[in-house]
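Asks: Residue numbers (the UniProt record's numbering): 1 to 227.
Virtual Cβ for every residue (Gly too), placed ideally from N, Cα, C.
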């Protein structure tokens with residue numbers, strides 16, 4: 001393995017239960033993969049003026065401000081009718097916007113990474129913007145048409161790096177994809193002292209929950225939480 005291999009499913013994948021996700025024939029370091037196709041408008045030499053985008057990463061590429069703000073990474077990319085929210089885990093990605101060439105960083109090669117991409121009708125972008133404001137997303141590239149600012153107040157606030165303040169430290173809300181799939185979304189501030197999985201998700205979903213997370217965090221390994 002060279003680090004560019006990936007498994008992949010999308011809305012066109014067979015409806016039969018999958019024991020394993022299928023291994024793609026493509027490579028993340030080449031230009032003919034789903035991530036490259038999805039983000040193609042951002043790599044074009046010129047970006048359509050009617051497109052809204054926010055690119056955020058707590059570990060932004062070196063030419064930006066380094067590591068800061070909420071532990072979250074992703075891209076919002078919308079036009080007047082629909083768009084995508086791409087959530088991922090890759091440090092220093094996305095880079096090279098408007099360069100005419102897609103690229104994937106070596107920081108995504110060593111460890112396992114994930115991407116989740118959902119298509120939404122454009123009015124949902126305001127709810128997503130409030131989620132990002134709650135988790136203090138480190139937005140390092142953006143384009144927000146004035147018409148979008150006028151129509152969507154949360155988008156306008158995010159464009160100004162205006163984050164949620166006061167006593168609010170958690171946002172739980174519902175989203176619906178363009179395909180009609182209901183989604184439950186969670187965003188937290190650093191001021192939330194309780195564990196996100198055992199205190200928030202398990203209680204809200206009223207179900208058993210197994211969480212797989214990394215063990216490199218500053219707080220050390222988490223103990224089991226059972227009751």
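Could you give the first and the last residue of the continuous alpha helix (DSSP H) run that contains residue 133?
Replies: It spans 125-134 - the alpha helix (DSSP H) in which residue 133 sits, taken as one unbroken run.
Asks: Taking 8 Å as the cut-off, does the stretch 73-86 touch the stretch 110-122 (at least 3 CB pairs, one atom from each stretch)?
Replies: The stretch 110-122 vs the stretch 73-86: in contact.
Asks: Tell me the rounded alpha-carbon separation between residue 22 and residue 181.
Replies: Between residue 22 and residue 181, the C-alpha separation is close to 22 Å.
Asks: Expressed to the nearest angstrom, what Euclidean distance is found between the alpha-carbon atoms of residue 16 and residue 9?
Replies: Residue 16 and residue 9: Cα-Cα distance of roughly 12 Å.
Asks: Between residue 104 and the rest of its own chain, which residues show a CB-CB distance below 6 Å, the 5 nearest in sequence each way excluded?
Replies: Around residue 104: 28 and 29.
Asks: How many angstroms separate the CA atom of residue 79 from the CA atom of residue 127?
Replies: Each residue's Cα considered, the two are about 16 Å apart.
Asks: Would you mind working out which of 191, 206, 159 and 190 sits nearest residue 76, comparing C-alpha positions?
Replies: Answer by Cα proximity: 159.
Asks: Keeping to the same chain, check which residues put their C-beta closer than 6 Å to that of residue 176; ignore five residues upstream and five downstream.
Replies: Excluding sequence neighbours, residue 176 sits near 182.
Asks: Leaving out the 5 sequence neighbours to the left and right, which residues in its chain are closer than 7 Å to residue 35 when beta-carbon positions are compared?
Replies: Here the set comprises 28 and 115.
Asks: On the DSSP bridge assignment, give the partners of residue 184 in chain order.
Replies: DSSP lists 174 as partners of residue 184.
Asks: Using 7 Å as the threshold, is the C-beta distance between residue 154 and residue 188 below it?
Replies: In this structure, residue 188 does not lie closer than 7 Å to residue 154 by Cβ.
Asks: Based on the DSSP output, what are the partners of residue 53 in its beta bridges?
Replies: Partner(s): 77 and 143.
Asks: Going by beta carbon distance, what residues of the same chain come within less than 8 Å of residue 11, once the five residues before and after it are set aside?
Replies: Once the five neighbours on either side are set aside, the close Cβ partners of residue 11 are 179.
Asks: Span of the beta strand (DSSP E) holding residue 118?
Replies: Looking at the DSSP string, the run of the beta strand (DSSP E) that includes residue 118 is 115-121.
Asks: Less than 7 Å between C-beta atoms, sequence neighbours within five positions excluded: which residues of the same chain meet that for residue 37?
Replies: So the list is empty, once near-sequence residues are dropped.
Asks: To the nearest angstrom, how far is it from the Cα of residue 226 to the Cα of residue 53?
Replies: Computed Cα separation, rounded: 41 Å.
Asks: Quick one: give me the first and last residue of the beta strand (DSSP E) that residue 84 is part of.
Replies: Its beta strand (DSSP E) spans residues 82-88.
Asks: Looking at residue 140: is its Cβ nearer than 7 Å to the Cβ of residue 60?
Replies: Taking 7 Å as the Cβ cut-off, residue 140 and residue 60 qualify as a contacting pair.
Asks: Taking all protein chains shown into account, decide if residue 124 is buried (16 or more other Cβ within 10 angstroms of its Cβ) or exposed.
Replies: Burial call: buried.
Asks: According to the neighbour-count rule (16 or more other Cβ atoms, all chains shown, within 10 Å of its Cβ), is residue 101 buried or exposed?
Replies: When all chains shown are included, residue 101 counts as exposed.
Asks: Quick check on DSSP: helix, strand or coil for residue 198?
Replies: Residue 198 falls in the helix class under three-state DSSP.
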